[in-house]
Each structure stands twice: as structure tokens, then as C-alpha cells.
Amino acid sequence: MKDKIAYKEGSNIPFTGVFGVVIDDKIESYEEYKNGLLDGETAYFAKGKQVKLLSEMYTKGKLNGQQKSYYENGKLKSIVYYSNDKINGIESYDRSGNLLHKSIFQGGTGDWKFYWSNGKVSEEGKYKAWRKDGVWKKYREDGSLDTVIKYDNGRLLSEKWQ
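At the far end of the sequence shown sits residue 683, using our numbering, and the numbering has no gaps.
So this is what it looks like as C-alpha cells:
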């Protein structure tokens with residue numbers, strides 16, 4: 522590996538293919554390369570198990586697409602969405618597979634939602650440059666409105682309980 526380019530051992534030719542680590546006939550990890558750059562899926566598994574803990578998609582050495590992480594029970598833990606090495610969305614789940622959080626954004630600006638384990642929204646609002654901005658709403662577990670909070674660039678302006 523030189524300047525983030527993988528080469529065939531003892532060669533100046535950039536590596537194209539799959540590099541994997543196998544211990545005791547169990548896959549520990551694999552990475553797909555094209556012309557020396559990560560290109561395709563990389564995956565990492567729980568030690569000694571065939572349970573995938575993390576998978577990422579790359580295009581020409583940059584994260585592009587979904588990065589998925591998993592609990593040891595194999596259930597989805599999170600999905601981080603990438604475009605050209607930049608995060609533009611996140612979803613997270615509890616160990617039972619219930620959605621806990623979902624956000625879609627660019628450069629730290631966008632909509633965020635958090636959920637109760639029953640699937641109802643617990644909190645929602647917008648971030649601007651990674652700071653809470655505008656109206657945020659918090660809900661009770663039954664879905665009824667609990668609190669309305671106003672922010673300006675991360676600064677709390679007001680909070681009103683319903």
C-alpha cells in the first residue's frame with residue numbers, strides 16, 4: 522500500500538481483485554479493489570463467526586452508497602449513506618430491528634427524526650450546519666405532541682410544553 526493505492530506484492534502494478542483474510546476456514550474480512558483503489562464492497566465479520574458486522578461500498582477509493590453495520594445477532598444496526606466520501610443520511614435501529622433514527626442531509630443540513638420503539642416519532646426537526654435550527658417537536662410515546670422547541674443556529678430560543 523502506497524499513497525492509498527494497493528499493489529500486488531513485489532510489483533508496481535496496482536492490485537485489481539479481492540483481498541480477503543480467512544482464519545480457521547472462516548472469513549474475517551474482504552475488500553474489492555480496482556486499479557489499486559477500493560472499488561466495490563468491503564466487509565468485516567465477527568471473529569470466528571460468519572456474521573457480518575460491517576459492509577461498505579466504495580467507488581474509486583471513496584465511500585459511495587451504503588455503509589451498513591450489524592449487531593452480533595446479525596440484525597441491522599445502522600445504515601450511513603455516502604456520496605463521494607461525504608455522509609448524506611443516517612438510519613439507526615435497535616437490536617430488535619425497530620427504526621430509532623433517520624436523517625437526510627448534506628453538509629450537516631437537513632431533516633432528522635427519532636422514533637419510539639413502537640414506530641411513532643419521538644422527536645423531529647432540522648439541523649443547519651450540524652446545529653439544531655428552527656422548530657423541533659417532541660412527542661409522547663402515544664404520538665401526541667409534548668413539546669415545541671425553537672432554535673436559531675443551535676441556540677435555544679423558546680420551549681413550550683403542550
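For each residue, glycine too, the CB sits at the ideal point set by N, CA and C. Fair warning: this is a prediction, and the values are worked out from it, not measured in the lab.
Applying the 10 Å Cβ sphere with the 16-neighbour rule, what's the burial state of residue i?
i           : result
residue 540 : exposed
residue 546 : exposed
residue 657 : buried
What whole-angstrom Cβ distance do residue i and residue j have, given they're in contact under 8 Å?
i           : j           : result
residue 629 : residue 597 : Going by Cβ atoms, the distance from residue 629 to residue 597 rounds to 24 Å, so no, they are not a contact pair.
residue 640 : residue 625 : 18 Å between Cβ atoms; not a contact.
I'd like the span of the beta strand (DSSP E) that includes residue i, first residue to last.
i           : result
residue 598 : 597 to 604
residue 532 : Counting along the chain, residue 532 falls outside any beta strand (DSSP E), and DSSP gives it neither H nor E.
residue 556 : Here residue 556 belongs to no beta strand (DSSP E), and DSSP marks it neither H nor E.
residue 609 : 607 to 614
Go ahead and pull the three-state DSSP assignment for residue i.
i           : result
residue 569 : coil
residue 564 : strand
residue 635 : strand
residue 667 : strand
Is the beta carbon of residue i less than 8 Å from the beta carbon of residue j?
i           : j           : result
residue 599 : residue 590 : yes
residue 636 : residue 620 : yes
residue 571 : residue 544 : no
Does the distance between the C-beta of residue i and the nearest non-hydrogen atom of the ligand ADP fall short of 7 Å?
i           : result
residue 598 : Looking for the ligand ADP in the displayed structure turns up nothing, as the structure carries no ligands at all.
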